[in-house]
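Protein chains in written order, with my numbering: chain A, 603 to 824; chain B, 28 to 106.
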């Protein structure tokens with residue numbers, strides 16, 4: 603299985619994300635934002651956390667228009683799997699691959715701590731190894747993680763079971779306590795918490811590992 | 028010609044930064060500030076000399092990049 607991890611100027615979780623994919627058995631290729639093609643025979647693209655382009659204009663807005671993102675959008679539209687974590691989630695909403703927007707945290711503070719999440723659906727390649735309703739602990743580290751969408755979009759996400767994770771104790775004011783959402787075909791996941799920071803006992807927890815190993819299992823059997 | 032773009036959060040969207048500024052103004056003793064909304068102003072120098080063409084181009088720039096129309100509204104002035 604092959605994963606590509608994109609690096610934008612200002613990405614800082616790209617290496618961690620690559621290590622998480624490798625730990626789950628992926629062969630990982632690192633891709634630069636100016637690249638105009640993704641590697642061949644790719645199973646998943648990872649968009650990492652960080653502060654791409656210094657968060658100028660809006661978080662993720664400049665990265666979403668980087669040359670490589672045209673390829674990521676085309677890859678997703680062909681049915682490819684894409685995981686966007688933190689700044690990667692912000693990039694995904696800016697590309698329009700996921701609905702809604704990520705605004706400044708309601709408390710205006712940068713939040714950086716492990717948080718409890720409820721797994722809302724096991725119906726995706728990313729969440730298949732979790733049981734729906736399970737509580738997991740994954741770190742967050744963001745200033746703009748306040749997920750907002752209009753009432754109709756929020757109803758649709760609920761109705762189609764596209765909320766992947768909800769916060770047990772909302773740290774940022776997100777509508778519906780939403781921490782991560784899936785695309786309509788359930789192959790694009792964007793989430794503010796960092797599963798790649800919870801894959802080794804030295805991290806203080808390994809609740810994020812099942813996301814990567816579950817994805818590997820799902821892609822092998824697909 | 029010059030174009031000025033005003034980007035504001037839509038009225039229905041809570042503006043946490045505006046709320047914080049309002050609270051800070053109150054703490055400084057400025058009374059009677061009933062609401063604060065914070066936005067941004069973007070100035071562009073354009074080679075285009077036709078006002079309508081410039082307005083159309085800048086509107087496309089807003090829709091594509093300068094504003095996130097999920098949460099923001101924008102206004103274009105051309106001079």
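All C-beta atoms in this analysis are idealised placements derived from N, C-alpha and C, irrespective of residue type, glycine included.
Would residue i pass as a contact of residue j if the rule is Cβ separation under 8 Å?
| i | j | result |
| --- | --- | --- |
| residue 605 (chain A) | residue 730 (chain A) | no |
| residue 103 (chain B) | residue 85 (chain B) | yes |
| residue 654 (chain A) | residue 716 (chain A) | no |
| residue 63 (chain B) | residue 49 (chain B) | yes |
| residue 702 (chain A) | residue 693 (chain A) | no |
| residue 647 (chain A) | residue 608 (chain A) | yes |
| residue 689 (chain A) | residue 662 (chain A) | yes |
| residue 671 (chain A) | residue 720 (chain A) | no |
| residue 788 (chain A) | residue 734 (chain A) | no |
| residue 622 (chain A) | residue 801 (chain A) | yes |
| residue 700 (chain A) | residue 792 (chain A) | yes |
| residue 677 (chain A) | residue 640 (chain A) | yes |
| residue 818 (chain A) | residue 628 (chain A) | yes |
Can you tell which of the options has its C-alpha closest to the C-alpha of residue i?
| i | options | result |
| --- | --- | --- |
| residue 686 (chain A) | A:824, A:613, A:760 | A:613 |
| residue 764 (chain A) | A:678, A:728, A:669 | A:728 |
| residue 66 (chain B) | B:46, B:87, B:105 | B:46 |
| residue 82 (chain B) | B:100, B:91, B:105 | B:105 |
| residue 33 (chain B) | B:44, B:77, B:78, B:71 | B:71 |
| residue 743 (chain A) | A:796, A:722, A:736, A:779 | A:796 |
| residue 684 (chain A) | A:807, A:786, A:804, A:808 | A:786 |
| residue 706 (chain A) | A:775, A:668, A:721 | A:775 |
| residue 675 (chain A) | A:652, A:748, A:790, A:741 | A:790 |
| residue 97 (chain B) | A:712, A:672, A:756, A:815 | A:756 |
| residue 777 (chain A) | A:753, A:793, A:799 | A:753 |
| residue 617 (chain A) | A:628, A:644, A:650 | A:650 |
| residue 768 (chain A) | A:634, A:760, A:780 | A:780 |
| residue 634 (chain A) | A:621, A:782, A:665 | A:665 |
| residue 799 (chain A) | A:793, A:741, A:766 | A:741 |
| residue 772 (chain A) | A:713, A:678, A:760 | A:713 |
Give the DSSP-derived three-state secondary structure of residue i in the structure shown.
| i | result |
| --- | --- |
| residue 672 (chain A) | helix |
| residue 45 (chain B) | helix |
| residue 781 (chain A) | strand |
| residue 705 (chain A) | strand |
| residue 35 (chain B) | strand |
| residue 805 (chain A) | helix |
| residue 737 (chain A) | strand |
| residue 80 (chain B) | helix |
| residue 66 (chain B) | strand |
| residue 798 (chain A) | helix |
| residue 615 (chain A) | coil |
| residue 727 (chain A) | coil |
| residue 625 (chain A) | helix |
| residue 667 (chain A) | helix |
| residue 75 (chain B) | coil |
| residue 636 (chain A) | coil |
| residue 55 (chain B) | coil |
| residue 50 (chain B) | helix |
| residue 661 (chain A) | coil |
| residue 761 (chain A) | helix |
| residue 697 (chain A) | helix |
| residue 712 (chain A) | coil |
| residue 776 (chain A) | coil |
Starting from residue i, find everything on chain A with Cβ-Cβ shorter than 9 Å and list it in chain order.
| i | result |
| --- | --- |
| residue 47 (chain B) | 710 |
Kindly say whether residue i, judged by its beta-carbon, lies nearer than 8 Å to any beta-carbon of chain B.
| i | result |
| --- | --- |
| residue 786 (chain A) | no |
| residue 696 (chain A) | yes |
| residue 667 (chain A) | yes |
| residue 757 (chain A) | no |
| residue 702 (chain A) | yes |
| residue 706 (chain A) | yes |
Quick one: list the residues of chain B neighbouring residue i, beta-carbon separation under 9 Å, in chain order.
| i | result |
| --- | --- |
| residue 750 (chain A) | 40, 41, 97, 98 |
With hydrogens ignored, establish whether the beta-carbon of residue i is closer than 7 Å to any heavy atom of the ligand PLP.
| i | result |
| --- | --- |
| residue 639 (chain A) | As for the ligand PLP, it is missing from this structure, which has no ligand bound. |
Please compile the residues from chain B whose C-beta is within a distance smaller than 8 Å of the C-beta of residue i.
| i | result |
| --- | --- |
| residue 660 (chain A) | 95 |
| residue 663 (chain A) | 92, 95 |
Pull out every residue of the segment 80-92 of chain B whose Cβ sits closer than 9 Å to any Cβ of chain C, in chain order.
Given the protein chain composition of this structure (A and B), no chain C is represented.
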